[in-house]
Each structure stands twice: as structure tokens, then as C-alpha cells.
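Asks: What follows is a single structure, and I will ask about it in a moment.
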Amino acid sequence: MPTVTFLPSFRKVEIAKGSTILEAAQKAGFHINVVCGGQGKCGKCKVIVKSGRTEFEHEQYESILSAAEVEDGVCLACQAKVIDDLRVVIPDATLVQEQQILVDSGEIPTTLNPAVWKYFLTLVPPSLDDQSPDLTRLLWEIEKSGGPKERSIYAPLEVIRRIPRVLRESGWKITATVALVPGGYRLIHIEKGDTASHIYGAAVDLGTTTIVVYIRNLADGHIMGIGSSYNHQISCGEDILSRVTFARSGGLQKLQSLAVDSINAALTEASNSAGIDREDIYEVVVAGNTIMTHILMGIDPAYMIEEPYVPVVRRYLTTAAQRIGLGVGENSGLFIFPAVSDFIGGDIIADILASGMAESEEISLLIDIGTNFEVVLGNRDWMFTCAGAAGPALEGGEVLFGMRANPGAIERITIDPVTLVPSFSTIHNQKPKGICG
Ligand code: FES
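Just so we're aligned, residue 2 is where the sequence shown starts under my numbering, counting upward by one.
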């Protein structure tokens, strides 16, 4: 198997002959810009081959590579195939750089209505006069404490197995966690002692480029911590169409696990900032565009980018969060916002709910600019909405000086209303390199 050595770090990786340099770089842990999803169209994945043989038709890419670049050994990482041992330089401009992620949030007054509850219970131990089984005794106590009726609570086997030990080791003082699930209620956890105040939910904004997680205390409703991450799927294509193309060529599982990794990274940051244990997150709610949520759930998005543009599912989805790999409490629920259509996803439904425009008589215009751009116009009686691509067009895909929110991007321009003198600020106050979307 050929070895590819990446410079200047001298990181080495072995890769099957015929694999692309891009695949070798990803295996070595580099995040390379793949704006077009590896189709050889964008020229953002340029690398310099210093030594070794590759299979790469320079003539095919004359519009992307200058004669001087070809002379210097520059090729496209997504198209150049590894034939034998290589030494490859990855220029800084080819790597995905650290970005500024907007995480500000105003706390919107909401009525707390979680789908999960904790009950601190003190049970009467069994006796010869009362030989009720442990589970029945526990569920009765939940009902007596104001919880759902004993018969409506389903208890999964893994929780039942823990009951006898936890009850006796705790001196019959335990906290039971019950969740609302389709068709009834579910006993999802039992713990020793009183942990009723340790109950948290995570709201996840699953964007095409970035992911933001908010941790909310489900006992009093406060936002306790915020975390963010890139969407690691960027290494498989920057825009939504490139991701679907990647999924179509057998990459769905990889995209799904990259989305989960990204959410877990943001969850860790948010839990650390909140000072809580991720195991105490019992409810995860995800809002994202329809393609992103399909990929997160491992559902094939292939038919959403061709006529007649049909998603597999539009209704809300729910499952155990750990089932797709999210690092939260055992049996914690995952809820995916429903979508309206292929192009109008659960992120817009979340925007509409959070803005309150669905309850207002006044006509409002809601604009959500991200990698995609959505607009909703209307009030409580009617709404019109439309969507299109936004971010990639501006952020380095089509506009010469467009770039992502990297250091050096102009993020704010002000014109003094009196003197008309313009001024600007850049991310990290670096010399301006371009304008970010
Ligand atoms: S040309 Fe290689 S990712 Fe676009």
C-alpha cells in the first residue's frame, strides 16, 4: 500500500493504490475545502505534489489550474489518484480554517412544556403483607406523585433489570425519569437518591456549515450553556447538493456519522459551559433543513434533488438519541422538527415558532440567512415561504472575494451618517482578505 506523507507536518498515512489524495488527507485527519463535493469543479482543494507518481489529467482542469501551478506540481486533491509513495504539501488556503460561529441568543419567554419528568420517590419496602413486585410498587408511586397512570407507563427491559439493586441500595429512595413517547409513557431511567433537579434538554440547530447546541434546564426553563461546532460534513462537500451527491455515491453512512460527531462536539462544549453531565440530558430536539435531518437519521436524501423533489418523510421523527450515536443519557429521546417540504425544513418551522409570527395578527417577514436562505411572509392566518442557496454563493464559491467567517473576513461595514466616511471591522482584527456572508 502506498504511503502519503503530508507536509509540513510530516503526517503519514497508508492508503490503497488508486485512492484520491483527498481520501488520504481525510484519513490523516486533515479538513480540506471541498466546495463542489469532490467533483473537480471548484478548485478549492489544490495541493502540491512534491514527489511520487499520481494519476491526474492536468489538461482536463486548464480552467482551474494555471500553467505555473501545473509546473509547480499543483493538482486537485479530489481528482489526483495515488499510484505510489507521495510527499504532498497542503497549502493553508486549502484547509478549512477556524471560523467564527454566531451563537448569540436572546432568551425568548416560553411556556415550559417538556416531554420528560423526574419524580423523587420514597417507596414503602415490601413485606409479607405486601408482596407487590418492585416494578408495580415503583409505578404506583409515580402515579401517586402526580405522574402518569401506572398502566400507561412502559418499562424497557434494561431499566427493569436495574430496579431491584437501585431500590435496595438506595434505602428505597430513588428518582424515576419518565418520558412521553408515541402511544404513552416510558420509564427511561432510575437513580439512587434525589436527582430531580438534574434534568436538562438540548436544542440543536443543525446547519449545513455550523451546529449550535443550547442546554436548557427542564426544571426551570433557563438556558444554561451554549456550544458550537463546524458541521464536519464539510470535508465531503460544502453545500447541500454536494452532500447529496456524496451520499448518492455510497457516502450516506459517513455523512451520518460526521453529523453525529459534530453534534456530540457541540454537546460536550455546551455541557461543559453549563457545568452538567451529558448523561443528565434527557431530551434532544433537532431543527435543520430537510436534507440535513434526513442524513442525520440515516435516511437516503437522493431523490430530494431531482424532480419531482420528494422527501422520504415530512412528519416529526422520534427515536432514542443513543440509537443514532448521540452521547446523552440512556433512553433519552431525540425529536426531529417536522418539515413543510423538500426545501422548507424543520429549521424554518422552529424559526416561525420562536419568532411568534404564527400567533400574530400583524404581517411579519422572517429572513433566515445561512448556507441556505429562507424567507417567510405572513401572519396567523396565512404564510408564504421560499428558499434558495445563499452561503456558498457568497462564501468563496462564486464571488471572487467572498469567504467564510475566517480571520480576516470583513464582518461589519458602517457608513457614518454625517461624514459618510466608511469603516469596517474584520474577524480577529486581521488585514482584510474578503467579505463573509
Ligand atoms: S475541485 Fe476538488 S473539491 Fe472541488
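Where a beta carbon is used, it is the ideal one built from N, C-alpha and C, also for glycine.
Can you give me the start and stop residues for the alpha helix (DSSP H) that Arg169 sits inside?
Replies: Its alpha helix (DSSP H) spans residues 158 to 170.
Asks: By DSSP's criteria, Tyr201 is part of a beta bridge. Which residues make up the other side?
Replies: Looking at the DSSP assignment, Tyr201 forms a beta bridge with Asn218, Ile282.
Asks: Within the present structure, is the beta-carbon of Cys5 separated from the nearest heavy atom of the ligand FES by less than 7 Å?
Replies: Before going further, note that residue 5 is Val rather than Cys in the sequence given. Val5 Cβ: outside cutoff for every heavy atom of the ligand FES.
Asks: Nearest CA to the CA of Leu268: which residue from Gly208, Ala204, His223, Glu239?
Replies: Ala204
Asks: Quick check: the region 227 to 246 against the region 205 to 217, are there 3 or more CB pairs under 8 Å?
Replies: Proximity of the region 227 to 246 to the region 205 to 217 meets the contact definition, three or more beta-carbon pairs being nearer than 8 Å.
Asks: Determine the direct distance from the alpha carbon of Ile16 to that of Ile216, and round the result to whole angstroms.
Replies: 40 Å
Asks: Between the Cα of Phe344 and those of Thr372, Thr320, Glu362, spot the shortest distance and give me the residue it belongs to.
Replies: Thr372
Asks: For Phe57, does the count of other Cβ atoms within 10 angstroms reach 16, so buried, or fall short, so exposed?
Replies: Buried, since its Cβ has 16 or more Cβ neighbours within 10 Å.
Asks: For Lys47, which option in Pro92, Val213, Ile164 has the closest C-alpha, if you only look at C-alpha atoms?
Replies: Pro92
Asks: Under the criterion of a Cβ to heavy atom distance below 7 Å, does Gly252 qualify as lining the ligand FES?
Replies: For the ligand FES, not one heavy atom lies less than 7 Å from the Cβ of Gly252.
Asks: By Cβ distance below 8 Å, which residues in the same chain neighbour Ala321 in space, the five residues on each side in sequence not counted?
Replies: Beyond the five residues adjoining it in sequence on each side, Ala321 comes within less than 8 Å, by CB distance, of Asn332, Ser333, Gly334, Leu335 in the same chain, given in chain order.
Asks: Classify Ile69 as buried or exposed, calling it buried when 16 or more other Cβ atoms lie within 10 Å of its own Cβ.
Replies: Checking the sequence, you will find Ala at residue 69 rather than Ile. Per the 10 Å Cβ criterion, exposed.
Asks: Between Asn265, Ala78, Glu60, which lies nearest to Gln40 when the distance is taken from Cα to Cα?
Replies: Ala78
Asks: Taking 7 Å as the cut-off, is the CB of Cys387 close to at least one heavy atom of the ligand FES?
Replies: no
Asks: Out of curiosity, what's the CA-to-CA distance linking Lys174 and Leu188?
Replies: Distance between the alpha carbons of Lys174 and Leu188: 16 Å.
Asks: So the candidates are Asn407, His223, Asn273, Ile164; which of them puts its Cα closest to the Cα of Lys432?
Replies: Asn407
Asks: Which whole-angstrom value is the C-beta distance of Ser352 and Leu367, which I expect to be below 8 Å?
Replies: It should be pointed out that residue 352 corresponds to Asp in this sequence rather than to Ser. Rounded, the Cβ-Cβ distance is 6 Å, consistent with contact.
Asks: Can you grab the Cα-Cα spacing for the pair Phe247 / Thr386, in whole Å?
Replies: 28 Å
Asks: Could you round the C-beta distance between Ile241 and Ile325 to whole angstroms and report it? I think they count as a contact, below 8 Å.
Replies: So it is not a contact: roughly 20 Å between Cβ atoms.
Asks: Which stretch, first to last residue, makes up the alpha helix (DSSP H) that contains Ser258?
Replies: 253 to 275
Asks: Please name the residue, chosen from Gly222, Asn380, Ile212, that lies closest to His199 on a Cα-to-Cα basis.
Replies: Gly222
Asks: Rounding to the nearest angstrom, what Cα-Cα distance links Pro3 and Gln80 in this structure?
Replies: 17 Å
Asks: If you follow the alpha helix (DSSP H) that Trp1 is in, where does it begin and where does it stop?
Replies: Nothing about residue 1 can be read from this structure; the chain reaches only from 2 to 438.
Asks: According to DSSP, simplified to helix, strand and coil, what is Cys37?
Replies: coil
Asks: Flag this pair as yes or no: are the beta carbons of Val245 and Ala303 separated by less than 8 Å?
Replies: yes
Asks: Given a threshold of 16 other Cβ atoms within 10 Å of its Cβ, counted over all protein chains shown, does Gln257 qualify as buried or as exposed?
Replies: Counting Cβ neighbours within 10 Å, Gln257 comes out buried, since at least 16 surround it.
Asks: Regarding Gln40 and the ligand FES, is the C-beta to nearest heavy atom distance less than 7 Å?
Replies: yes
Asks: Going by C-alpha distance, which of Ser67, Val36, Val83 is nearest Gly53?
Replies: Val83
Asks: Roughly how many whole angstroms lie between the Cα atoms of Glu60 and His429?
Replies: 40 Å
Asks: Please report the straight-line C-alpha distance between Lys255 and Thr123, rounded to a whole angstrom.
Replies: 47 Å
Asks: CB-CB under 8 Å to Gly185, same chain, minus the five flanking residues each way: which ones, in chain order?
Replies: Pro149, Ser153, Ile154, Tyr155
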